[in-house]
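Asker:
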Amino acid sequence: MQIVSVSSLKGGVGKSSVTLGLASAALADGVPTLVVDLDPHADATTGLGVHATSELNVGRVLARRSKPGAIRAVAVSSPWVTRETGDGGKRRLDVAPGSSASSPLDRSTYRAADLSRLVRALEGMAADYELVLIDCPPNLNALTRMAWAASTKVLSVAEPSLFSVAGTQRTMTAIAHFERDSPRAVGSAGVVVNRVHPDAREHRFRVDELNELFGPLLVAPVIPENQVWQRAQGSAWPIHRWPGADAEDLADRYTQILRGLLATGAPAEEHASAGE
Ligand SMILES: Nc1ncnc2c1ncn2[C@@H]1O[C@H](COP(=O)(O)OP(=O)(O)OP(=O)(O)O)[C@@H](O)[C@H]1O
Ligand SMILES: [Mg+2]
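Residue numbering for the sequence shown follows full-length UniProt numbering, starting at 1 and increasing by one per position.
#1: Which runs of the beta strand (DSSP E) spanning at least 3 residues fall entirely within the region 35–76, listed in chain order?
#2: Residue range of the alpha helix (DSSP H) that Asp-181 falls in?
#3: Is there contact here, the region 18–32 with the region 128–145, by at least three beta-carbon pairs under 8 Å?
#4: Where does Lys-90 land, buried or exposed, given buried means 16+ other C-beta within 10 angstroms?
#5: Assuming the contact rule is C-beta atoms closer than 8 Å, Gly-167 and Ser-8 should be a hit. Round their C-beta distance to whole Å, please.
#6: Is it the case that the CB of Asn-211 approaches a heavy atom of ligand 1 more closely than 7 Å?
#7: Use the C-beta contact count for His-203: other C-beta atoms within 10 angstroms, 16 or more gives buried, fewer gives exposed.
#8: With C-beta atoms as the reference, is Asp-94 less than 8 Å away from Pro-137?
#9: Report whether the distance from the Cβ of Trp-229 to the nearest heavy atom of ligand 1 is below 7 Å.
#10: Check whether the region 47–59 and the region 218–237 touch, using three or more Cβ-Cβ pairs below 8 Å as the test.
#11: In whole angstroms, give me the CA-to-CA distance for Arg-60 and Val-192.
#12: Spatial neighbours of Thr-144 within its chain, please: C-beta separation below 7 Å, excluding the five flanking residues on both sides.
#13: Starting from the Cα of Glu-123, find the closest Cα among Ser-54, Ala-174, Ala-251 and Pro-68 and give me that residue.
#14: Cβ of Lys-153 versus every heavy atom of ligand 2: is any distance shorter than 7 Å?
#15: Using CA coordinates, which residue listed in Trp-148, Phe-205, Ala-25 and Gln-2 is at the minimum distance from Arg-180?
Structure follows, in structure tokens:
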């Protein structure tokens, strides 16, 4: 079972969108998947057509030392499954919904023992899911640390802008420090580049810069800026089922990223370029 955290210390760069794109690709490929929404703003939960309740939210599981597999108690099926197959079929896409109930857990100080709460909650789930995607809040507090501790891979999301490149460097440094200081190692890391305009000179420059800085960690292909994303997300619809050539292109890119993640367990070897 691959456990992939999608994180970035910078807000609004597309963490939830990347989580949703990969979830959509996993559903289309028939990969049994659980999305864990650790962001109290719960955008990924909303995008997957799910609403947390006072009983069904991931904060309830993480508020205390949980039993192995405890996340099962709050996992609900996304209506995307019916949208993909018409009848639900045998495909599986579940969500451990995010909500403001997680906010009190997102402290800047925490005990090392707290870091293993999500690890335990996901223990023994390999028969249920092939992939777990964790959408993280845009900070380095306890929830992101819990996600990293549980992950086989951390994907950092970057936009091709100066501030985002700097934010990505900070994120990768933080992952390296976490590796050094924590008893729980992060399996591997990768950088997904989102919102690229292939025709914009500044974007080409920044993608080249990201290639220079992160080399093989850069995940291919890059994701272009496209308004179709906002329409699909606003309708809580998987991008793989949204009509039109733009949606098809985005869907195809997410499928390539997903297959790379699952095939190698490591970031795609190929370097990204703005024109891809
Ligand atoms: N490739 C894209 N093309 C067009 N719009 C995009 C793209 N990626 C993300 N967006 C839009 O940008 C906005 C921010 O994206 P998103 O919510 O995924 O970022 P985030 O990093 O999860 O934000 P936060 O830090 O608040 O959790 C959303 O409205 C989303 O629809
Ligand atoms: Mg988000």
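We put the CB at the ideal spot given by N, CA and C, even for glycine.
Answerer: Let me spell this out:
#1: none
#2: 162–181
#3: yes
#4: exposed
#5: 6 Å
#6: no
#7: buried
#8: no
#9: yes
#10: yes
#11: 30 Å
#12: Ser-7, Cys-136 and Pro-137
#13: Pro-68
#14: no
#15: Trp-148
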